[in-house]
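Residue numbers (the numbering used here): -15 to 218.
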C-alpha cells in the first residue's frame, strides 16, 4: 500500500511471500535481508529499498547500462528487475503498483560514432539566424526511452527526464546544445544525403525541430538557401 505525501512516500506494513519465504516489513530482521541487487551487481537490503521508495529515488532497470550507471551516480537507487521476476513482484507488492522503469522515464545521449561537422555547423548557423540561441549541435544515440527527433541540453550527455525532454515548440530559453537522435527514422533519411548537401539536410532537421508555420518555414528555407549560396560549388 502506498500513501502520497508532498515530498515522500510512506510504504505501509506489508507481508509477501518470495520464493516460498515470508517477508514482512513489520519485522526488523527482514529489513536487513539482501532481497535486491543493482544492475552492477551490488546487493541491496529491503531497508535501503524502502528508504529509496519513501524519498521517490528508486528506479528499476533490466540490466547494466550507461543510463543505470548515470542514475546511480546522481544518487538514485537503481534495482535490477524485469516484469514478472521476483524483485519486480516484491516491489509491486510493496508499492501497490508497477515500479518506475529507468528506461521509460529517463534518457541519456551518447556520441553517434560518426562525424558530420558540415551538417552540425549548418544547422547551428541556421537556428541562430532564426533566433534560437543554440550553443552547439551534436548527433547522438540515446540510451533510455527517448524516441523523438531532438532534445536541448545544458551539457551534452546529461541525464534527462523524459517528461522534460521536449523542445516546447522549438523554443530555447537559454543557450543549449541541440542533440539530434540519429536513430529516429526521419532523421536517418535526412542524414543519408547530409554529406552531399548539408545545408538542405540542416533545413529539413530545423523543420523537424521548430515545426514552423508556413510563413516561418519560408524564412527558414530562404536562410538555408543563403547558406548554400555561400558555399563553394560541390
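Using N, Cα and C, we set each Cβ at its ideal position, and we do this for glycine too. Bear in mind that the values here come from a model prediction, so they are computed numbers and not experimental data.
Thinking C-beta only, is residue j closer than 8 Å to residue i?
i, j, result
"residue 90", "residue 23", "no"
"residue 163", "residue 124", "yes"
"residue 106", "residue 183", "yes"
"residue 21", "residue 28", "yes"
"residue 221", "residue 168", "Only positions -15 to 218 of the chain appear in this structure, which leaves residue 221 out of reach."
"residue 63", "residue 71", "yes"
"residue 178", "residue 103", "yes"
"residue 55", "residue 35", "no"
"residue 65", "residue 83", "yes"
"residue 187", "residue 214", "no"
"residue 19", "residue 30", "yes"
"residue 37", "residue 78", "yes"
Please state whether DSSP places residue i in a helix, a strand or coil.
i, result
"residue 44", "strand"
"residue 221", "The displayed coordinates of the chain run from -15 to 218. Any statement about residue 221 would go beyond what the structure contains."
"residue 39", "coil"
"residue 108", "helix"
"residue 58", "coil"
"residue 92", "strand"
"residue 23", "coil"
"residue 163", "strand"
"residue 28", "strand"
"residue 103", "helix"
"residue 119", "strand"
"residue 34", "helix"
"residue 63", "strand"
"residue 216", "coil"
Nearest to residue i by alpha carbon, out of the options?
i, options, result
"residue 95", "110, 34, 158 and 122", "122"
"residue 127", "161, 114 and 143", "143"
"residue 100", "209, 29, 18 and 176", "176"
"residue 160", "167, 36, 87 and 117", "117"
"residue 192", "150, 48 and 49", "150"
"residue 98", "115, 188, 166 and 82", "166"
"residue 211", "108, 141 and 196", "108"
"residue 185", "110, 197 and 48", "110"
"residue 88", "76, 51 and 113", "51"
"residue 40", "114, 200, 59 and 25", "59"
"residue 237", "67, 25 and 68", "Any answer about residue 237 is impossible in this case: the structure gives the chain only from -15 up to 218."
"residue 189", "134, 199 and 198", "134"
"residue 216", "197, 180, 147 and 201", "180"
"residue 202", "69, 17, 114 and 139", "114"
Determine the extent of the alpha helix (DSSP H) in which residue i is found, giving its start and end residues.
i, result
"residue 213", "198 to 213"
"residue 172", "169 to 175"
"residue 193", "182 to 194"
"residue 77", "70 to 79"
Go to residue i, then tell me how far its beta strand (DSSP E) extends in each direction, as first and last residue.
i, result
"residue 134", "134 to 137"
Could you tell me which residues DSSP pairs with residue i in its beta bridges?
i, result
"residue 145", "90"
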